[in-house]
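Heads up: the sequence shown at position 32 corresponds to 32 in my numbering, and the numbers run straight through without jumps. Ideal placement from N, C-alpha and C gives every residue a C-beta, glycine not left out. Just below is one structure, and these are the notes that go with it.
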Amino acid sequence: MKSDDLAGRLRPFETAGDRRVPPGFHMVARLDGRGFGQLTKERLPDLARPFDVRVRDLMVDTARHLMQCGFHVVYAYTQSDEISLLFHPRERAFGRLLRKYHSILAGEASAKFSLLLGELVCFDCRVAELPDVDRVVDYFRWRADDAARNCLNMHCYWALRAAGRSEGEATAALAGLGPDARHELLFRAGTNFAELPLWQRRGVGLAWARDADDRPRISPDLELPMRADYEAYVRAKLVES
């Protein structure tokens with residue numbers, strides 16, 4: 001059988017799962033690192049706990065790279081081992097074919113972080129298809145709220161570890177504790193959650209700006225606003241685009 005005939009017979013199987021994001025839907029890609037806890041522990045043995053500025057900066061640099069790798073990204077957000085990318089409403093790269101976004105962005109993030117760290121790193125990627133601006137705002141509020149929960153949980157866990165609890169004991173002590181009890185636990189350990197750096201509690205945002213020579217640059221924001229102010233902040237990124 002000729003090669004062209006084979007291609008014609010097999011292509012439907014190769015593209016059976018292809019989907020395109022319909023026009024009018026906003027796209028937000030989320031990338032998550034695989035096995036980051038163990039990886040950073042092995043690669044950075046003197047890692048500060050629960051947060052290390054070196055890991056934060058690696059994530060920020062990777063997010064900055066993703067904003068410049070061939071797609072029109074108007075805003076990026078990173079917390080923990082994840083990055084979210086908000087595309088311009090009129091983004092049309094690859095005809096909005098999802099498998100292209102998934103594969104290219106996962107590959108770009110994995111390659112960039114691996115080069116920065118000097119160790120093989122893997123990210124996965126998924127794209128949320130959001131019907132309107134309100135859902136876009138909800139998405140980024142959700143991730144920022146997750147950052148706050150993660151920050152509280154991690155600080156509580158490491159406060160217990162510093163007090164001599166084992167991994168299992170610290171995990172068991174936190175099981176079933178609500179937010180108020182965790183805040184109290186942390187306060188008794190000498191840390192006021194409200195006084196922790198905002199980048200730990202809220203994550204980091206990256207947006208386009210202009211330098212003194214009117215050239216485009218990407219500006220990280222380590223002090224993101226909260227609640228309604230953050231909703232307005234995200235809406236403004238779409239308006240400015």
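Query raised in the report: Can you tell me whether Ile-171 is buried or exposed, with buried defined as 16 or more other CB within 10 angstroms of its CB?
Result: Numbered from its first residue, the sequence shown carries residue 171 at position 171. This sequence places Thr at residue 171; Ile is not what is there. Under this definition Thr-171 is an exposed residue.
Query raised in the report: Are the beta-carbon atoms belonging to Arg-34 and Leu-44 less than 8 Å from one another?
Result: The residue given as residue 34 occupies position 34 in the sequence shown. The residue given as residue 44 occupies position 44 in the sequence shown. Against a cut-off of 8 Å, the Cβ pair of Leu-44 and Arg-34 comes out as no contact.
Report task. Taking 8 Å as the threshold, find out whether the stretch 100–120 comes into contact with the stretch 164–184 through three or more Cβ pairs. Result -> no
Query raised in the report: Under a three-way DSSP split, which group does Glu-82 fall into?
Result: As a position in the sequence shown, residue 82 is number 82, starting the count at 1. In the structure shown, Glu-82 adopts extended strand secondary structure according to DSSP, grouped into three states.
Report task. Tell me where the beta strand (DSSP E) around Leu-130 begins and ends. Result -> Counting from one through the sequence shown, the residue named residue 130 turns up at place 130. 123–130 is the extent of the beta strand (DSSP E) around Leu-130.
Report task. For Phe-187, count neighbouring Cβ atoms within 10 angstroms of its own Cβ and tell me buried if that reaches 16, exposed if not. Result -> Start at 1 with the first residue of the sequence shown, and residue 187 comes out as number 187. Under this definition Phe-187 is an exposed residue.
Query raised in the report: Considering only the beta carbon of each residue, do Ala-109 and Ile-83 sit closer than 8 Å?
Result: By one-based count along the sequence shown, residue 109 stands at place 109. By one-based count along the sequence shown, residue 83 stands at place 83. Contact: yes.
Report task. Name the one or two DSSP bridge partners that Ala-255 has. Result -> This structure leaves residue 255 out entirely; the chain is present only between 1 and 241.
Query - Val-127 beta carbon less than 8 Å from that of Tyr-101 - result: Stepping through the sequence shown from its first residue, residue 101 is reached at position 101. Stepping through the sequence shown from its first residue, residue 127 is reached at position 127. Against a cut-off of 8 Å, the Cβ pair of Val-127 and Tyr-101 comes out as a contact.
Query - Nearest-angstrom Cβ-Cβ length linking Arg-143 and Gln-68, presumed shorter than 8 Å - result: Taking the sequence shown and counting its residues from 1, one reaches residue 143 at position 143. Taking the sequence shown and counting its residues from 1, one reaches residue 68 at position 68. Cβ atoms of Arg-143 and Gln-68 stay farther apart than 8 Å, at about 21 Å.
Report task. Leaving aside the five residues before and after Val-136 along the sequence, list all residues of the same chain whose C-beta is less than 6 Å from its C-beta, in chain order. Result -> Taking the first residue of the sequence shown as 1, we reach residue 136 at position 136. The answer, listed in chain order, is His-26 and Leu-130.
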